[in-house]
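Data block below; observations after.
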Amino acid sequence: MIKTAQKLIKSADRFLETNGSKNFHLKAAELLETARLDKEYDFEQLVQESFKKSFRHEQNFAHFEFSDLPVTLARGKHSFIDIYFWRRRPTVIHNHHFTGAFQCLEGKNLDLEFEFKEKEKIGKYHAMGEVRIVRSHMIMPGHIQPIAPLNKFIHQNHHHSDLTVNLCFRTIDVQKQHLSNYLFSGLRFEKNPELLSRVERLFRFTNLGDFNPQRLELNLDDAMSFLLHTEGSTSQNKNFLKLKNLLEKRVKKETGLNITKLYDLHEAQLDKIQDEYE
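Okay, here's the thing in structure tokens:
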């Protein structure tokens with residue numbers, strides 16, 4: 206399987222160097238259809254191959270950073286192939302800052318595709334709008350789904366098996382483009398690395414000592430992202446609670462939004478969808 210994946214990467218790199226990435230999602234689907242990696246997939250063999258000296262141990266994701274286990278099978282100059290192992294749960298609603306295709310190797314996925322119509326821009330990295338399902342279909346072993354970039358393909362994958370295994374054949378990340386997540390309640394939030402770093406740093410400072418949050422140069426995006434990042438936290442740390450309360454008031458005053466309420470509406474809709482397809 207790894208040898209076939211390496212051949213696909215060579216074909217992909219040649220295509221990308223000649224044609225660019227605009228239509229690579231169609232080419233990737235075509236190459237996967239021809240290669241039929243789903244027929245070569247064997248869990249026992251994959252485990253053995255991944256511990257050989259010849260296995261390339263440079264991985265796209267750190268362990269547990271994405272899925273229950275991500276494994277990079279082959280990597281080229283412009284593209285690579287990952288396998289993702291998923292236990293029974295849904296992904297977030299998201300778009301992609303790359304292009305390619307994924308293929309189910311084992312289990313089954315309910316794939317929901319969405320359209321997002323922006324109504325109001327909030328800060329630089331957030332927006333409110335309408336999140337609407339435009340297609341739902343079950344993806345079984347062998348089925349292939351092209352991945353167009355950014356808002357051309359927004360989806361959520363519901364893994365409906367105790368173990369689902371998906372292969373992702375994709376380009377490297379498009380420079381200066383970042384994926385976004387969405388809530389059923391209409392909020393879009395861009396996963397900007399600099400913003401996420403600021404928010405994570407801010408959260409960790411709350412666990413290390415007392416400081417005056419009103420003296421910090423925090424913008425609306427910082428406030429929104431911090432509340433999204435920490436939604437559902439049960440921390441009773443006084444510094445965290447003081448900061449969270451301050452940022453909740455700011456977001457409410459400047460936008461009229463309640464992040465917790467938006468999450469509750471999202472979770473209620475997600476539960477409804479899960480119940481419909483169980």
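Numbers in my numbering are just positions in the sequence shown, counted from 1, shifted up by 205. Cβ coordinates follow ideal geometry from the N, Cα and C atoms, glycine included. Computed from a predicted structure; not experimentally measured.
C-beta atoms of residue i and residue j nearer than 9 Å
| i | j | result |
| --- | --- | --- |
| leucine 392 | histidine 342 | no |
| leucine 213 | leucine 310 | no |
| methionine 345 | lysine 313 | yes |
| methionine 206 | leucine 274 | no |
| arginine 375 | alanine 233 | yes |
| serine 284 | isoleucine 377 | yes |
| histidine 262 | leucine 384 | no |
| serine 226 | proline 354 | yes |
| isoleucine 327 | leucine 425 | yes |
| serine 402 | tyrosine 468 | no |
| leucine 475 | proline 295 | yes |
| asparagine 371 | asparagine 412 | no |
| glycine 347 | lysine 244 | yes |
Selection from the options that minimises the alpha carbon distance to residue i
| i | options | result |
| --- | --- | --- |
| leucine 423 | Asp469, Lys457, Leu407 and Thr435 | Leu407 |
| histidine 339 | Phe321, Asn397 and His302 | In the sequence as displayed, the identity of residue 339 is valine instead of histidine. Nearest option by C-alpha distance: Phe321. |
| leucine 506 | Phe416, Asp367, Gly328 and Val297 | Examination of residue 506 is not possible in this model, given that the chain is present from 206 through 483 alone. |
| glutamate 405 | Ala306, Leu433, Gly281 and Asp287 | Leu433 |
| glutamine 308 | Tyr246, Glu325 and Ala473 | Tyr246 |
| leucine 317 | Lys329, Val336, Thr369 and Ser216 | Val336 |
| serine 272 | Asp287, Glu254, Trp291 and Gly225 | Trp291 |
| arginine 293 | Leu355, Glu325 and Ser366 | Ser366 |
| asparagine 356 | Lys329, Leu451, Lys326 and His299 | His299 |
| phenylalanine 319 | Ala306, Gln382 and Asn386 | Asn386 |
| asparagine 450 | Val370, Lys244, Asn417 and Ser216 | Asn417 |
| glutamate 453 | Asp427, His471 and Leu470 | Asp427 |
| phenylalanine 266 | Leu251, Lys258 and Tyr289 | Tyr289 |
| threonine 465 | Gly437, Arg455, Asn442 and Asp480 | Gly437 |
| glutamine 264 | Val276, Lys258, Phe256 and Lys257 | Val276 |
| threonine 460 | Lys324, Ser216 and Glu481 | Lys324 |
| proline 398 | Thr223, Leu462 and Gln382 | Gln382 |
| leucine 462 | Met333, Lys477 and Phe394 | Met333 |
| arginine 455 | Asn224, Gln419 and Gly414 | Gln419 |
| lysine 329 | Arg409, Ala217 and Phe394 | Phe394 |
| lysine 208 | Arg219, Leu231 and Leu251 | Leu251 |
| threonine 435 | Ala240, Asn224 and Arg409 | Arg409 |
Cβ distance (whole Å) where residue i is taken to contact residue j below 8 Å
| i | j | result |
| --- | --- | --- |
| valine 379 | phenylalanine 303 | 6 Å |
| phenylalanine 229 | leucine 221 | 6 Å |
| glycine 254 | phenylalanine 248 | It should be noted that the sequence gives glutamate, not glycine, for residue 254. No, glutamate 254 and phenylalanine 248 are not in contact; Cβ-Cβ is about 11 Å, not under 8 Å. |
| cysteine 373 | glycine 281 | Not really, about 14 Å apart at Cβ, beyond 8 Å. |
| serine 430 | leucine 400 | 5 Å |
Beta-ladder partner(s) of residue i, from DSSP
| i | result |
| --- | --- |
| phenylalanine 319 | Ile338 and Ile359 |
| glutamate 311 | Val370 |
| isoleucine 464 | DSSP lists no partner for isoleucine 464. |
| glutamine 350 | Phe307 |
| threonine 411 | Bridge partners of threonine 411: none, in fact. |
| aspartate 426 | Answer by DSSP bridge pairing: none, since aspartate 426 is not bridged. |
| lysine 447 | Note: lysine 447 sits in no beta bridge, so no partner. |
| proline 275 | Tyr289 |
| threonine 296 | Answer is none; threonine 296 lacks a bridge partner. |
| leucine 392 | Met333 |
| serine 255 | Partner(s): none; serine 255 has no beta bridge. |
| lysine 326 | Ala332 |
| threonine 376 | Ser284 |
| tyrosine 387 | Ile298 and Arg393 |
| isoleucine 344 | Asn314 |
**Asked** Do the stretch 441-448 and the stretch 359-377 meet, that is, are 3 or more Cβ pairs less than 8 Å apart?
**Response** no
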